[in-house]
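One structure below.
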Amino acid sequence: MRNVRILVPESAECFVESTNARDRIAPERHVTTCQPSRIEVAGTLDIINDRTLNGSGTLAVTGTLRKLSHGTTVIGISPSDGAPLLIAGTIEVRAGLLDVTGPGLDVPGTIALDATSSEVGTMRAAAFRQPGEGHLRIGLAGVAPFARAGSLSVTASPPELAGNLDIAANATFAASAAQSLAIVVSLAEPVGEPTVTGTDQLPGGALAQVEVTAGGVILEVRPPGG
14 MRNVRILVPE SAECFVESTN ARDRIAPERH VTTCQPSRIE VAGTLDIIND RTLNGSGTLA
74 VTGTLRKLSH GTTVIGISPS DGAPLLIAGT IEVRAGLLDV TGPGLDVPGT IALDATSSEV
134 GTMRAAAFRQ PGEGHLRIGL AGVAPFARAG SLSVTASPPE LAGNLDIAAN ATFAASAAQS
194 LAIVVSLAEP VGEPTVTGTD QLPGGALAQV EVTAGGVILE VRPPGG
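Take the working numbering: the last position of the sequence shown gets the number 239, and nothing is skipped along the way.
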């Protein structure tokens, strides 16, 4: 863990503390931050266990936040102004689920949902807004029709995908048959037309295309010449 700044104004009722204290009811070793306290990830912060970060303070990611643990990690921060979490840096989910239970995400930076032969990174959020400069990177691994891909689930409103949708195939990826992979799942058709990259650079000459549907975004992969 490097360059993680915790700013605690004198007016803060609390800052970042374990919630296993006697006057707390949250599960042991979860963390609470109170407004107007601020956690800024300006370098690299690795999440290696499955805990919850909640409260009314601010989480600012200007560097890189990496989720490495295999289960579910929850970011439940709900700022007092109701604003979504602003991600100007990078959130990388290498394994398990990162569940953002607050107002949602505003991502001019990068969300990377990785996939390997043994792990898949997934993210869930109530709302997701990606402006033109933002990047949503989806990992792809394994052999189709049994390939694996990272995925984003948006639960409360149509995702706004005006930025870049980058398909990043792992070296293990190959396509021996066609397969459809849901890489964005939503209750309504996403808003905007993302700029898709990486579909013409898949290993072994595999073919791919992205389709925006009423239920999200589908990645269709098929063998060379298929």
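Backbone N, C-alpha and C define an ideal beta-carbon position, used for all residues, glycine too.
Distance, residue j Cα to residue i Cα
i, j, result
"Arg37", "Gly145", "Annotation note: pLDDT 37 at Arg37 (below 50); position unreliable, coordinate value reported separately. Looking at the two C-alpha atoms, the distance is approximately 42 Å."
"Glu233", "Ser166", "18 Å"
"Asp179", "Ser69", "33 Å"
"Ala139", "Leu153", "24 Å"
"Ala55", "Gly102", "8 Å"
"Gly228", "Glu53", "34 Å"
"Leu220", "Pro92", "43 Å"
"Ser130", "Val87", "25 Å"
"Leu149", "Gln143", "8 Å"
"Ala182", "Gly217", "11 Å"
"Thr45", "Leu66", "6 Å"
"Ala39", "Asp63", "Below a pLDDT of 50, predicted positions are generally treated as unreliable, and Ala39, at 42, falls in that range; no measurement from the model is reported."
"Gln222", "Ser50", "44 Å"
"Phe186", "Asp94", "44 Å"
"Thr212", "Arg235", "11 Å"
"Pro172", "Leu200", "9 Å"
"Asp59", "Phe159", "29 Å"
Proximity to residue i [Cα-Cα], best of the options
i, options, result
"Glu224", "Ala182, Pro216, Pro203", "Pro203"
"Ser164", "Ala184, Ala175, Phe141, Val156", "Phe141"
"Val209", "Leu200, Gln192, Ile231", "Ile231"
"Asn177", "Arg51, Val106, Ala125", "Ala125"
"Lys80", "Ala96, Asp127, Pro97, Gly122", "Asp127"
Start and end residues, beta strand (DSSP E) containing residue i
i, result
"Leu149", "148-154"
"Gly68", "65-68"
"Asp112", "109-113"
"Glu53", "51-60"
"Val234", "229-235"
"Glu224", "220-226"
Check whether residue i and residue j have beta carbons under 7 Å apart
i, j, result
"Gly109", "Ile90", "no"
"Leu111", "Met136", "yes"
"Ile61", "Ser82", "yes"
"Gly76", "Thr57", "yes"
"Ala175", "Gly155", "no"
"Ser134", "Arg161", "Strictly speaking, residue 134 in this sequence is Gly, with Ser absent from that position. Not closer than 7 Å, so no."
"Ala245", "Ala157", "The structure shown does not extend to residue 245, since the chain is modelled only from 14 to 239, so the question has no answer here."
"Pro97", "Gly117", "yes"
What runs of the beta strand (DSSP E), each 3 residues or longer, lie entirely inside the region 76-104?
-> Along the length of the region 76-104, whole beta strand (DSSP E) runs at least 3 residues long occupy 77-80, 85-90, reported in chain order.
Which ranges would you report for the beta strand (DSSP E) in the region 147-215 if only whole runs of at least 3 residues count?
-> Counting whole runs of 3 or more residues, the region 147-215 contains the beta strand (DSSP E) stretches 148-154, 164-167, 177-182, 192-199, 208-210.
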